[in-house]
Structure formats: structure tokens, C-alpha cells
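Working notes, structure below.
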Amino acid sequence: MTESFIKGLSESKQGFNPVFMLMDSEARGSREQVRQLGGMRGLMAKPQKRLTGREIIETPILHNLKEGLSVVEYFISTHGARKGMADTALKTSEAGYLTRRLVDVAQDVIITEEDCGTIMGEERGALKEGEEVIEALRDRILGRVVMDDVVSPITGDVIVQAGGEIDEEASEEIEEAGIEKVRIRSVLTCEAKRGLCRKCYGRNLGTGRMVDLGEAVGVMAAQSIGEPGTQLTLRTFHIGGTAARIAAQSKVTAKMAGSLEFKNLETIAKETGEIVVINRDGEILLHGEKAGARTRYTVPYASVLRVADKQKVAQGDPIFEWDPHTAAILAEHSGTIQFADMVPDITVSEEFDEITGMRRPIIIESKDRNLYPHINVVDKKGKLRSSYPIPIGARIMVQNGQAISAGELLAKTPREIAKTRDITAGLPRVAELFEARKPADPAIVTEIDGRAKFGEITKGQRTVIVRSETAEERSYAIPSGKHLYVRESDRVRAGEKLTEGSINPHDILRIKGSSAVQVYLVNEIQEVYRLNGVHINDKHIEVIVRQMLQKVKIEDPGDTIFIEGDQVDKAAVREENERVLREGGRPATFQSLLMGITKSALSTSSFISAASFQETTRVLTEAAVQGKTDLLLGLKENVIVGRLIPAGTGLRKYRNLKIVHQPEEELQPAPVEVE
């Protein structure tokens, strides 16, 4: 309906319909709002504090705002309007507080040197969700400095030399050459002693030129992230609580002509002849006919393949299909079904399926912790072939004692795709990530690479054992009802989720190191803003995330001045280690710490800056007890004591310059050569 209405609108008055022009030029209003004006208002969201996926009012509003609403429809729509008003009032203060914390944590990040000389860099590719490119490579690398020469795979010419800036022309050229990844200098890997260097920061987005020495990029980053926060808050208000539908692609087609290559795909053939994928980390590579052109497709579990390995395809040919609305559990072997721990009204209840008109068993949460519902597949001799734990909320699609063939559907869980991703998921999520909080229901993550094996069930908890190729073993207790992402003998990589839920960033830091957690935080924060249609350049978020990882914990002090368990600045440890190594001593070993922005701002080396932020008495008492000295290196402490700030022309480098008057020398006439 939206499509036909927008189409009609675009064709009226030869495309000069004022409402269409207003929307199409993006001057004001979105498709959603125009749809409500002239199409149909649709479903409205119930005002609820928590998002459970069931907060949509069932009666749709059939009229639009031009026709006018009936009394009942008007009453229903007041829900959304009031929700928008309350949201605005509540969240504006929250966005302001987030900005204040961000400014405080990054206020002393200033461009202090030309080049820090690091050999570390970061690989950047296009940002994808499934197969859809969300942010093209050219947009992610524009204005950055490259680590190595960028060479065109087609012509062999150097597009950008190492240490050069990628401008608009070069970024287009890199994209057209089909280069998938580029190694760039990044704020996250900058090794400047204080602040950042010009090369790692790249272009100043305000001027379109390379950043200048003395630029206060920290404050700029904080304002760039905090300002859209106030927009995020007002987002619901604009749509008036209309439930947003999140469409998912169910059929994937070839983007170009070429040949296919299967990578790490495990499949089984159903009796109907369909080939079904039964692992989660399989990929299909499409090699284009042009040199260097290729596309990578991640194939979800339970997808039906429409192609074979090494097959040639034309543009638009179907590659695979899958159901984005349900998470399926498939049988890997043929045999007979046996239900285990499925007790009526305790672990299983019956639900009427409106689509098929049949009653289906559904797994419910049981008070008995010793019951762990699962489906076993046994062969003719009664020997167990495979066992499948069934999560809470799954609908069972087979009967006890039924004979099944490989690839058949055993159970399915509806994915909550229609969750209204409202601002409630926006600002609080951004704050949760910046504060490095542990999620309420974190996913269980594997610490080593290896194969998953199911252990026994004790007290309602199932044990998953991960065994590496070097025979190292780690076991994890999974509570009943948690949806498992792995199956028996699945390959898992360190840092991969074994169960559903958000990953705890501290787990990533512990397992994969500081660079992995930095990339994770940047991508997760960007995801929230992207869903709200706000574009922020990665480098702003990188500046803040860098500040969150400034502290380290000393494990072995060696011959340094530190004590085991000390929390010190990374730069201070590096400096001290260099001094000890020069004298032939043993350097200190340390572990990176991930701190939230509030904690980072309070543990800064300047006590004046920390005291002016929060918990003034505690900060000043500690500073007095420890006899701290404030070197006045940041902006805030200098403003407080009334000195010139060390940014722009106030940089120490410029402040120590002396202007010397040089007397002009009299010009001597040039000797004239006589022939």
C-alpha cells in the first residue's frame, strides 16, 4: 500500500507534487510520515518501558490523517503521541549527560605530533549485514592515511602510496578496482606519547584537509557523538509510535556473473532432493569475470541451496533461500524420533497454530531445573544417532515415534523480527556500551578454537565441552532454556557465541585482546546510530574507545617502579619499560583494562579535571593523601586555573617560539658580465 501510494504521489503533477518533492528532496519528512498523511496510519505501539516484542496495539488505524480518524482511532493514536512527548522530556537530559561524560573523558585528546611512526594499522573493508552493503569501502576509508601502497589488481598501478591520504578520487578508484580491504592508520593504533598524531587521525572533517597540530579532536569527537544523541531521543516523537517493520531478505541472488566456490559448507540432501546447509559459519564466494571482483555470502543455518560448488551463474540467479522469521532445528540423520524430558504442562504445553489450524506442542519454562527438553534421533537398533536440545518458546514440528529423514524440520522458534526498535534501544544501549557494562543476560563465549561436544546434564544445566586440536579442553555450563548456537562436533572459534545473548565486552578483551574489543565497540555503537538514521564518522567513536583502554593492570612489575596490581597509564608503562630495558633490566608485564567513560574520566592523571566532573570530595581527598601533582596537560584543568589552553596556537610548541627581528640586508647590484 505504501508503495502504490508513493508511486501515485510521484506521478501526480508530473512529479511536482509539493508533498512528494518535500519528501524526495529529504528537506523534511520521511516515507513513514507521508504514508501516515495519505496512505494509512497502520499499527501503533503501546507505551511500555520494556521491549518484549508484544507491545503493538492489535487494532490498526485504517484511515489516514488527510481523511481524518474515527473517535476510536483518534484515541488509539494518542498512545503514540503521548509516548513521544514523554520520551522527549525524559531522554533530552539523558543525552545531555552522555555528552558531558564524553567531553570529560576525551577533553585532553589533542593532535600533538606529526607522525608517531607506528607500524600497526587496521584493515578496513565494506560494512555488510548479511549480503547488503551498509557502508561502502570508499566511505569508510575517505580522508584516512594508508599503511602500505594500494595497488590496483587490474592495472598494477599504485593508486595511493604508503603514508598518503585517500582523497575522493582515490577512494572511488579503489572501489572500482574491486579491492576488498585496505590497511589504514587508525586512532586506535596511534602510539603518540600524549594525544594523537596527524597521520593516525587523518582528515579534519570540518575543513576537508589534513588535521592541524593543536586541534582539540577529543572535544570534537564528544560533541559529534553527543549531539545526535538528542536527535535519537526525539525519533519516536516524529513517527508517533508507529510500529516499524524490519524487513529481512529471504532470497539471495548473484550480484554479478561468475563462478561460485563453497567454503566451509556442511550440507545434507533431503528426500525431495533439496540441499540444506547444517552449519553456521559456511560461506559462498562469487568470483566475478573481471579480475579481482568477488563477493562473499554468509550462508545461514537451514538455508536451501539453489547452486552447486564451482557452478557458473549469471547476474540475478538465485544462490540460496532461507526463512528469516524463524530459527530452525533440522535433523542431520534419518531415524525415529524420541522425546526426552517433555512432560505435558511442565516443560511442554499445546498451542493452537492459526495458520495450519492444528494444535502444536510448544516448550515452556519449567520450574523443575532437572528437566532439559530435547529430541533424540535413534536408528532401527535403538542406537542414538543425534540429540537436539530444544529452547524455550520453540514449536515442535514432529511427533514422538515418528520416522523422519535427514534434513527434516524438528522444531522452530519465531525470531522476534517485528520488535519495534524504538529509542529505548537507542540511547540506553549507547550508554551501556560506552560505560562497558556487563549485559543483563550475556552470551556464553568460547575461549579456545576447537570442536564442541555435549556433556551430561546436571541440575538443569547442560555442559558444552570445547576441545582444541592440541587436546586442550574447556567446559561451559549452559542453563536450561538458553538457545544454543552450536551442535555436536561443530567447529567454533575463540570469542564465538555458544548461546544467544549480547557479548560481554570484557570477555572479548580477555579472549581476543584489546584491538578486537575496540573494533567490537566501534561497530556496536555505530549500529545503534545507523538504525536511527544518524551518520557519524568512525574516527569520533574511535577517539572515545581509545580513551576507554588507556589504563593497564601490572601483572609482573619486573625491575620497574610499579607494584603488582597497580592500575597505570599505558604510556607511563611503555616509558618506564623503555628506561628499564636501556639499563638492561626486566620490563613489567601488564594486562589491558576496559573502563567505562565515567570511570576513565575519574581516573585521569589530572585531579583538577576529575574533581570538576563528579565525586569532588573523594577525588580531592585521594589526591591530597597521595600528594598528587597536576601537570595541567589537558584543556579543562587549564580553563579552571585560568591559563591559556594547550590547543591551537596555545600548544607548548608554539608558546616557546620567540620572534626575532632580522635586519634587512642591503641588496647589492648583480655583477654585469662584459663580453
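When we follow the working numbering, the leftmost residue of the sequence shown carries the number 37, and every step to the right adds one. Positions of the beta carbon are idealized from the N, C-alpha and C atoms, including for glycine.
Residue Asp353 holds the alpha-carbon nearest to the alpha-carbon of Leu322 among Tyr337, Asp353, Ser339 and Pro682. The bridge partners DSSP lists for Asp666 come to none. Look at Asp543 here: in three-state DSSP terms it is helix. Your pair Ala257 and Ala142 checks out as a contact, with CB atoms roughly 6 Å apart and the cut at 8 Å.
When DSSP assignments are scanned along the stretch 113-151, the uninterrupted stretches of beta strand (DSSP E) that are 3 or more residues long and fall wholly within it turn out to be 147-149. In this structure, DSSP gives Gly44 a helical state, which the three-state scheme calls helix.
DSSP, read as helix, strand or coil, puts Lys102 in coil. The beta carbon of Leu630 sits closer than 7 Å to the beta carbons of Ala472, Pro541, His542, Leu545, Val553, Met584 and Leu585 from its chain, once the five residues preceding and following it are set aside; these are given in chain order. Approximately 15 Å separates the beta-carbon atoms of Gly179 and Ile195; this is outside 8 Å, ruling out the contact.
C-alpha of Pro682 to C-alpha of Thr625: approximately 33 Å in a straight line. Membership of Pro354 in the beta strand (DSSP E) is indicated by the continuous run Pro354 to Glu357. Look at Leu296 here: in three-state DSSP terms it is strand. In terms of Cβ geometry, Thr362 and Thr449 form a close pair [threshold 8 Å]. Burial of Leu79 is indicated by the presence of at least 16 other C-beta atoms within 10 angstroms of its C-beta. Using a Cβ-Cβ distance cut-off of 8 Å, the stretch 361-377 and the stretch 402-415 are in contact, since at least three pairs of beta carbons, one from each stretch, lie closer than that value. Per the coordinates, the alpha-carbon of Val558 lies some 17 Å from the alpha-carbon of Arg137. For Lys235, the secondary structure class from DSSP, reduced to helix, strand or coil, is helix. Counting along the chain, Ala624 sits inside no alpha helix (DSSP H), nor does DSSP assign it H or E at all.
When beta bridges are read from the DSSP output, Tyr512 appears opposite Val500. Across the structure, Ala430 and Ile382 are spaced so that their CA atoms are roughly 15 Å apart. If you draw a straight line from the Cα of Arg421 to the Cα of Ser385, it is about 27 Å long. Of all C-beta pairs linking the stretch 294-304 to the stretch 498-510, fewer than three are shorter than 8 Å, placing the two stretches out of contact.
With respect to the 8 Å criterion, Arg67 and Ile42 are classified as neighbours on the basis of their beta carbons. By the Cβ criterion, the stretch 599-610 is not in contact with the stretch 241-254, since fewer than three pairs of Cβ atoms, one from each stretch, lie closer than 8 Å. Listed in chain order, the alpha helix (DSSP H) runs fully inside the stretch 372-431 amount to none, counting runs of at least 4 residues. For the pair Asp526 and Arg498, the CB atoms are not nearer than the 8 Å cut-off. Between Lys575 and the set Ala206, Tyr690, Ser113 and Ile220, the nearest pair of CA atoms involves Ile220. Close CB contacts of Ser48 within its chain, under the 8 Å cut and outside five residues either way in sequence, are with Phe56 (chain order).
By the criterion of a C-beta distance shorter than 8 Å, Gln438 is surrounded in its chain by Thr372 and Ile373, once the five residues flanking it on both sides are discounted. About 6 Å separates the beta carbons of Gly231 and Ile147, which is inside the 8 Å limit, making them a contact pair.
For the pair Lys291 and Glu62, the Cα-to-Cα distance works out to about 28 Å. Boundaries for Thr634: no beta strand (DSSP E) harbours it, while the alpha helix (DSSP H) harbouring it runs Ile633 to Leu638, taken from the DSSP string.
For Pro682, the secondary structure class from DSSP, reduced to helix, strand or coil, is coil.
The stretch 336-349 and the stretch 307-326 touch, with three or more beta-carbon pairs separated by less than 8 Å. Closest in C-alpha terms to Arg77, from the list Ser46, Gly309 and Thr38, comes Thr38. Distance between Glu614 and Pro623, taken at the CA atoms: about 8 Å.
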